[in-house]
Structure formats: structure tokens, C-alpha cells
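Student: Position in the sequence shown (first residue = 1) + 23 = our numbering. Every residue gets a Cβ at the ideal spot worked out from N, C-alpha and C, and that includes glycine.
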Amino acid sequence: MKRPLHIGWVIILSLLVLSATSMAEQIKFSDWVGIEESDAATNTNRKRIGTTAADGNSSLWLAVSASGGERIELTLESDKMIVSDYFSYRIDRVDNLTLRSAQKGCNGNCLTDEVEKNGELIRTLRRGLRIKFEFDTAPDLTRQPTFSLRGFSRAYQWLLAD
24 MKRPLHIGWV IILSLLVLSA TSMAEQIKFS DWVGIEESDA ATNTNRKRIG
74 TTAADGNSSL WLAVSASGGE RIELTLESDK MIVSDYFSYR IDRVDNLTLR
124 SAQKGCNGNC LTDEVEKNGE LIRTLRRGLR IKFEFDTAPD LTRQPTFSLR
174 GFSRAYQWLL AD
């Protein structure tokens, strides 16, 4: 009889600990999600928006650049080790393929680049339906995740709102 009571207390304590440590607000925008997290070191809130690829193995995140100004940090994450220093993307099967150099991060599992807040990429994302990336992962695989852009415009407005 003591065992179920003991398990109940463990569950209650676990829930209390988890709720106290997770200080992130999450908002859903169709296929995109907005997350606002508090940074204990700087006592500020940091917002980011993201989505997961149809294959479930990659994710795409945008956040206001830490350097400030008119820049947005774009991060492409993969479940595999990324070996390329670049990525290419195509929006809505348009013939032009755009190459961008990027910095590796996340222990080799992501590529990060900065783009202009109201630049060509953001304007095209707001009008598009899907974006397809291409990058190389170990061992010698080319990944081509496709991300839905449904809800991107609303998520992006939320990201830039004060």
C-alpha cells in the first residue's frame, strides 16, 4: 500500500521541479512555433521561431541576432553531423538555387547564418509555401529537408514584436 503513495509523491515532485525549471512560453502558428525563454545570466527574454522538416530529422530556427541591428539569425539543425560549410535552398520549386556560407555550431549538428530582417530571403519566405534545403552530412550523405512555410508570416511578426 505504501508503494503507490510513494510513486504518487515522486510524480508530484517531478512535476513541480519540471514546471519550475522550464520558464519558456510556446505559441503555435500553424506549422511554426514561437518560443520565448528567459536568460538567467542577462535577465532578458529571447524569442525564436522554428519548424521541423517533413522528414522529422531537421529543424529550422530564426531569432533576432545577438549582435542586434537589422539582422536575423537563421539556424538549420540536423540529427546528423553536418560536414559542409554551406547550405543551399530553394523556395517553392523556383528554378534559382541560392547558396549561402554558414558557420558550424551545435557540436557540428547545425549551420548558422545571419540575414537581413527585411531582406530578400525573409520577403520570399513570407510569400512562399515551402523551402527545401540541401547540405552534406557524414558519412557522405546529401540531406534535402523540406519545411512548410504555413504560419511563417504570423510567427515572424510575433518574433519582431516587442
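#1: Assuming GLN126 is part of the beta strand (DSSP E), what are its boundary residues?
#2: Determine the closest residue to SER124 out of GLY142, LYS51, ASP102, LEU97, with distance taken between C-alpha atoms.
#3: GLY79: buried (16+ other C-beta within 10 angstroms of its C-beta) or exposed?
#4: Pull up the distance between the alpha-carbon of LEU183 and that of LYS127, whole angstroms please.
#5: Cα separation between ARG69 and THR165?
#6: Under the DSSP definition of a beta bridge, which residues are partnered with PHE146?
#7: CB ILE154 to CB LEU83, shorter than 9 Å?
#8: Quick one: what's got a C-beta closer than 8 Å to CYS133's C-beta in the same chain, skipping five residues either side?
#9: Roughly how far, in whole angstroms, is the beta-carbon of LEU148 from the beta-carbon of LEU172, given that I think they are within contact range, below 8 Å?
#10: Just to confirm the assignment, what range does the beta strand (DSSP E) spanning SER81 have?
#11: In this structure, what does DSSP give as the bridge partners for GLN49?
#12: On the premise that ILE58 lies in contact with TRP181, defined as a C-beta separation below 8 Å, what is that separation, rounded to the nearest angstrom?
#13: What are the partner residues of VAL68, as DSSP defines its beta bridges?
#14: Just to check my reading of the structure: GLY174 and SER53 have Cβ atoms closer than 8 Å, yes? What is that Cβ distance to the nearest angstrom?
#15: What is the rounded straight-line gap between the Cα of PHE170 and the Cα of ARG146?
#16: Give me, in chain order, the residues of the same chain whose beta-carbon lies closer than 8 Å to that of GLU139; leave out the 5 immediate sequence neighbours on both sides.
#17: Could you give the DSSP three-state label for GLY73: helix, strand or coil?
Tutor: Once the coordinates are examined:
#1: Counted from its first residue, the sequence shown places residue 126 at position 103. First-last of the beta strand (DSSP E) with GLN126: 126-128.
#2: Residue mapping note: residue 124 aligns to position 101 of the sequence shown, counting from 1. Closest option to SER124, Cα to Cα, is LEU97.
#3: Stepping through the sequence shown from its first residue, residue 79 is reached at position 56. Counting Cβ neighbours within 10 Å, GLY79 comes out exposed, since fewer than 16 surround it.
#4: Numbered from 1 along the sequence shown, position 160 holds the residue referred to as residue 183. Numbered from 1 along the sequence shown, position 104 holds the residue referred to as residue 127. Approximately 25 Å, taken between the alpha carbons.
#5: Against the sequence shown, residue 69 aligns to sequence position 46. Against the sequence shown, residue 165 aligns to sequence position 142. Cα to Cα, ARG69 sits roughly 32 Å from THR165.
#6: If you number the sequence shown from 1, residue 146 lands on position 123. For the record, residue 146 in the displayed sequence is Arg; it is not Phe. According to DSSP, residue pairing for ARG146 in a beta bridge does not occur.
#7: Walking along the sequence shown from the start, residue 154 turns up at place 131. Walking along the sequence shown from the start, residue 83 turns up at place 60. Judged by beta-carbon spacing, LEU83 lies within the 9 Å limit of ILE154, meaning their Cβ atoms are closer than that value.
#8: Here residue 133 refers to the residue found at position 110 when the sequence shown is read from its first residue. Excluding sequence neighbours, CYS133 sits near THR98, LEU99, GLU100, SER101, ILE105, LYS127.
#9: For the purposes of this step, residue 148 is taken as residue 125 along the sequence shown, with counting starting at 1. For the purposes of this step, residue 172 is taken as residue 149 along the sequence shown, with counting starting at 1. Indeed they touch by this definition, with Cβ atoms about 6 Å apart.
#10: Here residue 81 refers to the residue found at position 58 when the sequence shown is read from its first residue. Per DSSP, SER81 is one residue of the beta strand (DSSP E) stretching across 81-87.
#11: Within the sequence shown, residue 49 is the residue found at index 26, counting from 1. According to DSSP, which records beta bridges pairwise, GLN49 is partnered with ILE58.
#12: As a position in the sequence shown, residue 181 is number 158, starting the count at 1. As a position in the sequence shown, residue 58 is number 35, starting the count at 1. About 10 Å; that fails the 8 Å criterion.
#13: Your numbering for residue 68 matches position 45 in the sequence shown. First, the residue type needs correcting, since residue 68 is Asn and not Val in the sequence shown. For ASN68, which the question treats as bridged, DSSP gives the partners SER61.
#14: The count along the sequence shown starts at 1 and reaches residue 174 at position 151. The count along the sequence shown starts at 1 and reaches residue 53 at position 30. Their Cβ separation, rounded to whole angstroms, is 3 Å, which keeps GLY174 and SER53 in contact under 8 Å.
#15: Counting from one through the sequence shown, the residue named residue 170 turns up at place 147. Counting from one through the sequence shown, the residue named residue 146 turns up at place 123. One Cα belongs to PHE170, the other to ARG146, and the distance between them is close to 16 Å.
#16: Locating residue 139 in the sequence shown gives position 116, counting from the first residue. Excluding sequence neighbours, GLU139 sits near GLU93, ARG94, ILE95, ILE145.
#17: Mapped onto the sequence shown, residue 73 falls at position 50. The answer is strand: DSSP assigns GLY73 an E or B state.
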